[in-house]
């Protein structure tokens, strides 16, 4: 029987070939405008998913949480490893055929007091009407899912990024035993992550004795009436949590794995929506306490996951280098990039 860890690793490493085999010829390239005046990390996920991101990150409750807010004590065990995963995509520019984008995935392992970072990429893909079926290559050949109608070209970079991240999450689930696997996001089915794909990853994690903890930076709580619940734990001067799973509406539970909490890991940090992959509330709380005991935090956010974000994102200089690489490699004619807002609205744009 093949080793899942080795298999997922080889697929991640072979992505250069997969994307280049499906790199249609183009003649003209308009690079993305890159501002070097200020240093920022670049990840286009939120831009590409702006139509979906609020819906995916909103937790709808049938009633206000009635459970008592409880202290989050820590359970210290230095032998518990942590693996965190994140990915990023960045549009490099447009061609006369479609969009060229870059991708990177980071897997961070915290074990024995040390942090090790493994990066995959950057990979470059050219997405056009002619090669949208690469989406079904990932669905069928990599994840064993049914073929569907591929998304429009403008969505292809983010859908590809999501598949790379899901593949890296599987790889992470096999790297350690009896550890904690940290995801950015949630354990809920979304338009780009079918339930079968989630179940496969959770099953692989549990087979290795691991627990998946998915942490969402942007979740919102609201009642079915539409009323928003703001700052549920923000006034609490302590590390604490509240389980909101029992208040979830039925339509949310249908698409969710594990249990849902709102957690404040440190007294002076932010609070987050946290999904834990275990079946019982007691097992989930134990996993949260283990994370509290073995992980350093930055403003209440686990350091390993923060390092995964930083390691996956692109810098402006990297975007420029990748643009030049694409231009040279594929002999593209350049159309000068410019920022329309600055030309039309300066100095206010």
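In our numbering, the protein residues as written are 1 to 349.
Ideal Cβ placement from N, Cα and C applies to all residues, glycine included.
These figures come from a predicted structure and were not determined experimentally.
Residue i versus residue j: straight-line alpha-carbon distance, rounded
i           : j           : result
residue 301 : residue 270 : 8 angstroms
residue 30  : residue 84  : 35 angstroms
residue 329 : residue 19  : 14 angstroms
residue 28  : residue 142 : 32 angstroms
residue 182 : residue 71  : 21 angstroms
residue 10  : residue 245 : 37 angstroms
residue 201 : residue 40  : 32 angstroms
residue 191 : residue 199 : 15 angstroms
residue 253 : residue 121 : 35 angstroms
residue 154 : residue 8   : 27 angstroms
residue 231 : residue 194 : 30 angstroms
residue 145 : residue 197 : 8 angstroms
residue 168 : residue 97  : 29 angstroms
residue 208 : residue 274 : 21 angstroms
residue 139 : residue 187 : 19 angstroms
residue 243 : residue 221 : 13 angstroms
Cβ neighbour criterion (16 or more within 10 Å) applied to residue i
i           : result
residue 130 : exposed
residue 160 : buried
residue 314 : buried
residue 68  : exposed
residue 237 : exposed
residue 100 : buried
residue 225 : exposed
residue 331 : exposed
residue 250 : exposed
residue 323 : buried
Beta carbon of residue i nearer than 9 angstroms to that of residue j
i           : j           : result
residue 87  : residue 76  : no
residue 108 : residue 308 : yes
residue 259 : residue 281 : yes
residue 312 : residue 92  : no
residue 211 : residue 248 : no
residue 178 : residue 82  : no
residue 362 : residue 272 : In the structure displayed, the chain extends from 1 to 349; residue 362 sits before or after that span and is not available.
residue 12  : residue 164 : yes
residue 26  : residue 126 : yes
For residue i, the nearest candidate out of the options (CA to CA)
i           : options            : result
residue 115 : 326, 331, 319, 304 : 304
residue 241 : 188, 152, 288, 164 : 288
residue 294 : 100, 58, 112       : 112
residue 172 : 192, 151, 231, 203 : 203
residue 33  : 90, 26, 8          : 90
residue 310 : 197, 198, 184      : 184
residue 317 : 42, 207, 26        : 42
residue 333 : 94, 65, 58, 66     : 94
residue 268 : 285, 239, 278, 243 : 239
Any non-hydrogen atom of the ligand SAM closer than 8 angstroms to residue i Cβ
i           : result
residue 314 : By its list of ligands, the structure shown contains no ligand whatsoever, and the ligand SAM lies outside what it can speak to.
Check your understanding: Whole alpha helix (DSSP H) runs in the region 233-316 with 4 or more residues, listed along the chain?
Key -> Taken in chain order, the complete alpha helix (DSSP H) segments of 4 residues or longer contained in the region 233-316 are 250-253, 281-294, 303-312.
Exercise for review: Enumerate, from N- to C-terminal direction, the unbroken alpha helix (DSSP H) stretches of 4 or more residues contained entirely within the region 154-200.
Suggested key: For the region 154-200, whole alpha helix (DSSP H) runs of length 4 or above, ordered along the chain, are 156-173.
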